[in-house]
Amino acid sequence: MRAKLVIPSFLLCMAVMPVLSQIPVNSPVTHIKIFGYVGGRIDDCIEHRVKAQDVDHLVEPFRHREEKSRWQSEFWGKWIQGAIASYRYNKDPELYQIIKNAAEALMKTQTPDGYIGNYAPDAQLKQWDVWGRKYTILGLVAWYDLSGDKNALTSACRVADHLMTQVGPGKVNIVSTGNYVGMPSSSILEPVMYLYNRTKEDRYLDYAKYIVEQWETPEGPQLISKAIAGVPVANRFPHPKTWFSRENGQKAYEMMSCYEGLLELYKVTGNPLYLSVVEKTVGHIIQEEINVAGSGSAFECWYSGRARQTIPTYHTMETCVTFTWMQLCNRLLEMTGNSLYADYMESAIYNALMASLKADASQIAKYSPLEGCRHEGEEQCGMHINCCNANGPRAFAMIPQFAYQVKDDCIRVNFYGQSEADITLPGKKAVRLKQVTDYPVTDEITLEVAPAKESLFTIALRIPAWSSLATTVQVNGESVEGVLQGAYLPVTRKWKAGDRITVRLDLRARLVEMNQAQAIVRGPLVLARDSRFNDGFIDETAVVVSKDGYVELTPVEAPEFAWMTFTAPLILGTDLEGSSAARPVHFCDFASAGNTWDKSQRYRVWLPRTLNVMHAPYKPY
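Put into structure tokens, the structure is as follows:
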């Protein structure tokens, strides 16, 4: 029997009053439809990726239970969560039937002891077994929340109860199972909390606390103490001798998944330590890892990537990492109201996420580098799918959930883009919001407000941190004071049908420089050179002409492959004598760059800057 963990006094914060736990309720956003480029991409993903999936193929490994090392069992849970979130958005009855068939087929594989998984009996608890059970519970709970099928909740509870007979106090330590210092296995904390929220059975809350306790054991990842100590996420453990192994403690996706579970525990216990630890870690991720396209990681691990993003990097920006980063930011946004989390969401959506979806929406890229080409990921585990094709749709379906959030009598407008939404505020106050805009092609957003009857409430407008103080907001043509970058602008009044809010953001292109390289960012969009423009060698050194940190872009007609196209003035090459005049060079949005996945075509975000020592200060030796 393991000795009981003694937690240092700094970890023993007294719980405050609990906040609301995440119990399934009807969303106050009763209807939402997103149009334009982003809306089209969401629709395409649902139709050509989610609905096209052979779901029986995902269930098949659960019937055989012969696996000893691989992760087939995650695919069903990832796919069905994305499918359910997609259905909540578009209410497609055909999709509902596909989901129902998938859920019922999986439940039929449950063994008498409660196990649902793909592992042979003698291999259980090894490698990815517990991780797969996590996704099984998540998927079954999501189906229960959607359908009300009590068999699904019962089945999910039996999966968890069976695990508790194998792993727990006096049994196997959960952090000793699987790879990556126990993080994949112990991320089952999240669905365990969902079971507690829905059943109120104390054994699940006790088990959740047990999991967190084990993090701080010598075998565990020390997710609490290392966050408090300010240890960078890429340096929490020594560089592993074998990358895909237990000793690698930098695994990004699994680390963030553990912290998502900790947030769910915080919602119930109210222990401020848990929220603080997550926010500290997220702060480290922002400072040390997230790149100009809104994501990070290499070979699925943190690697101090923000400072190294100008270096061509092998296997960077895994889509599973992008999704999990978005999900973590969205949860913190809901809980804290800090609009900076929405800024990071917006960056990830428009860049890393949109870039991952192939032009025909049939595939989601496993990796989306900042230069080179995109291509399909491998088929994993002997199946015709990989983790990112299963998981990516969850990110696309998250966008409608993120677009508007309601807190009491306040509607937070998080996502700007052509859309319409029906929202019910407390007191059954019905409000329709409609965004008329071509943002981020253009800088103006008109928000039409139409309450069912004149009502007092607040609309909080997100002012991105990148938009300068020249940003303006008007209500019915009258200017609103108090606009601040990186914050919500709350507008409280008695709203009536016909009221209009006009927001004008600063979409001037900004020059970003680091490590003798340059990138151009316009609003939330990262721009890239693409070889399909046939206007030069995209890897050539250059100087991007700018003034006061801004680049003068000229919009041009976009070719068929691109959403947006501009020219920017560049001085190309190293021969600056005589022929050093700037010339217009084409850029497109990063999402469009390389979107056909043709390896003969290349794109590039970070352009190597030509060194001109006449303009560079001497450095002392």
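Residues -21 to -1, 1 to 600 in mature numbering (1 follows the signal peptide of the UniProt record, and there is no 0) are what the sequence shown lists, from first letter to last.
Just so you know, even glycine gets a beta-carbon here, dropped at the ideal spot from N, CA and C.
- Exclusion of the five residues before and after GLN193 leaves LEU(-17), ASN152, ILE153, VAL154, GLY161, SER165, GLY199 as the residues of its chain whose Cβ lies within less than 8 angstroms of its Cβ.
- A straight line joining the alpha-carbon of GLU358 with that of LYS57 spans about 16 angstroms.
- Here GLU350 carries a strand assignment [DSSP, helix/strand/coil].
- Put simply, of LEU74, LEU551, GLN414, ARG483 the residue whose alpha carbon is nearest the alpha carbon of GLN497 is LEU551.
- According to the DSSP secondary-structure assignment, LEU435 is paired through a beta bridge with LYS473.
- By DSSP's assignment, LEU490 forms a beta bridge with ILE499.
- In the displayed model, CYS280 falls within a strand according to three-state DSSP.
- Leaving aside the five residues that flank PRO40 on each side, the residues in its chain whose CB is nearer than 6 angstroms to its CB run, in chain order, GLN51, ASN97.
- Shown here, ALA409 sits in a strand according to DSSP, grouped into three states.
- Rounded to the nearest whole angstrom, the C-alpha separation of GLN32 and SER236 is 25 angstroms.
- For ARG391, the closest C-alpha among the options LEU440, SER447, GLU350 is that of LEU440.
- Residue nearest to ALA327 within the set THR553, ARG562, LEU307 is LEU307 (criterion: CA-CA distance).
- The C-beta separation of ILE480 from VAL428 comes to about 7 angstroms, placing the pair in contact by the 8 angstroms criterion.
- Taking C-beta separations shorter than 6 angstroms and ignoring five residues to either side along the sequence, the partners of VAL524 in its chain run PRO548, ALA561, following chain order.
- When beta bridges are read from the DSSP output, PHE566 appears opposite PHE545.
- Here GLU46 is buried, its C-beta having at least 16 other C-beta atoms within 10 Å.
- Taking TRP222 as the centre and dropping the five residues before and after it, the same chain places the C-beta of PHE278 closer than 7 angstroms to its C-beta, in chain order.
- Per DSSP, reduced to three states, the secondary structure at TYR529 is strand.
- Annotation for SER236: the continuous alpha helix (DSSP H) segment containing it runs 231 to 248.
- Residues of the same chain with a CB within less than 7 angstroms of the CB of LEU486, apart from the 5 flanking positions on each side, are PRO419, ASP422, ARG501, GLY502 in chain order.
- In this structure, the CA atom of LEU37 is about 25 angstroms from the CA atom of MET305.
- When DSSP assignments are scanned along the segment 260 to 343, the uninterrupted stretches of alpha helix (DSSP H) that are 4 or more residues long and fall wholly within it turn out to be 298 to 315, 318 to 327.
- By the neighbour-count criterion, in which a residue is buried when 16 or more other Cβ atoms sit within 10 angstroms of its Cβ, TYR114 is buried.
- Annotation: ALA444 is outside any alpha helix (DSSP H) and is labelled neither H nor E by DSSP.
- It is roughly 50 angstroms from the alpha-carbon of ASP527 to the alpha-carbon of LYS407.
- Distance from the CA of CYS352 to the CA of ILE290, rounded to the nearest whole angstrom, comes to 15 angstroms.
- Around the beta carbon of LYS205, a 10 Å sphere encloses 16 or more other beta carbons of the protein chains shown; the residue is thus reported as buried.
- Pairing PHE54 with ALA334 gives a Cβ-Cβ distance that is not under 7 angstroms.
- In this structure, the beta-carbon distance from ASN365 to ALA382 does not fall below 7 angstroms.
- Taking every protein chain shown into account, the CB of ASP387 has fewer than 16 other CB atoms within 10 angstroms, so this residue is exposed.
- The three-state secondary structure of SER398, taken from DSSP, is strand.
- When secondary structure is reduced to three states using DSSP, GLN106 falls in the coil class, being assigned neither helix nor strand.
- Under the 10 Å beta carbon count, ALA81 is surrounded by 16 or more other beta carbons and is classified as buried.
- Between SER276 and the set LYS246, ASP339, GLU355, LEU349, the nearest pair of CA atoms involves LEU349.
- Within the same chain, LYS473, LYS475 come within 6 angstroms of GLU433 by CB-CB distance, once the 5 residues on both sides are set aside.
- Under the three-state reduction of DSSP output, ASP514 falls in the coil class, being neither helix nor strand.
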